[in-house]
Amino acid sequence: MVSRRIRKVAAAPSAPSAAEQRRRVIGAIAGLALAATLTGMAVPAAAQSQASHRAASAHARLHHLSPRQVSSAFYASYNGDLAAGFDRYVSKDLILHGFDGPAKREDWVQADLAIKAGITDYKMTVQDQIVEGDKAVTRWSFGGVHTGTIFGIPASGHEVHLSGISIDRVQHGQIVEHWSEGNFDRFLNELRGGTSTNTVQRSTE
């Protein structure tokens, strides 16, 4: 019986030294730090994956919009965030046929943004839209009070209007080709104060 106790005592593991305990604690802390680092890396990766999935879903929804939906949403953006409307609904590879012939997409964007910025109470109205195949025909007009510089023409205080007809060819949820005709010369004349329907009276101090 004594021998059994001796064997048990001999087989029992000895208590770890202070140095060994320190090594174990340091190892555990290092393991926790590594786990925290890996977790921190995994969370942004998951967030990026979710963001990519949302972007792909949004692109897919845009891709399946009909020509009528695209043209309606684009012209509606003139009464809201026009820059965002161009970004979303007008292809970067747009073929543009302007009032004076072929033009660049950026010229159209900058011109329409400048017009809107220079007109107070700006309002775009769509009178008609006709869609056939991949083309949408839109008869539109806009107007407001000329209170800012447009095309180098200073504010006149006159009410100005522009109307026209545009044809937009739509593919994969974006306008890829655009034609426009309108009374642009009359609009410029109104900006210069030559022809106007109403004049805003400015207060004198």
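Residue numbers (the numbering used here): 926 to 1130.
Even glycine gets a Cβ: it sits at the ideal position worked out from N, Cα and C.
Please read all numbers here as calculations on a predicted model, not as lab measurements.
Checklist entry - How big is the Cα-Cα spacing for Arg1030 and Gln1052? => result 24 angstroms
Within its chain, find whatever has a CB closer than 8 angstroms to the CB of Ala1039; leave out the 5 residues flanking it on each side and keep chain order.
Ile1075 and Phe1076
- Classify His988 as helix, strand or coil using the three-state DSSP reduction. helix
Distance, Asp1025 Cα to Gly1073 Cα
24 angstroms
| message | Between the alpha carbons of Trp1065 and Ser1081, how many angstroms are there, rounded? | response | 24 angstroms
- prompt: Among all the DSSP beta bridges, which residues are the ones paired with Phe1076?
  reply: Phe1076 is not bridged to any residue.
Reducing DSSP to helix, strand and coil, say where Arg1117 ends up.
-> coil
Quiz item: Going by DSSP, what residues sit across from Val1051 in a beta bridge?
Solution: Trp1065
So, under 8 angstroms CB-CB, Gln1099 and Ser997 are touching, yes? Tell me the CB distance rounded to an integer number of Å.
Not a contact, Cβ separation roughly 14 angstroms.
Checklist entry - Are Phe1067 and Thr1050 closer than 8 angstroms when you measure CB to CB? => result yes
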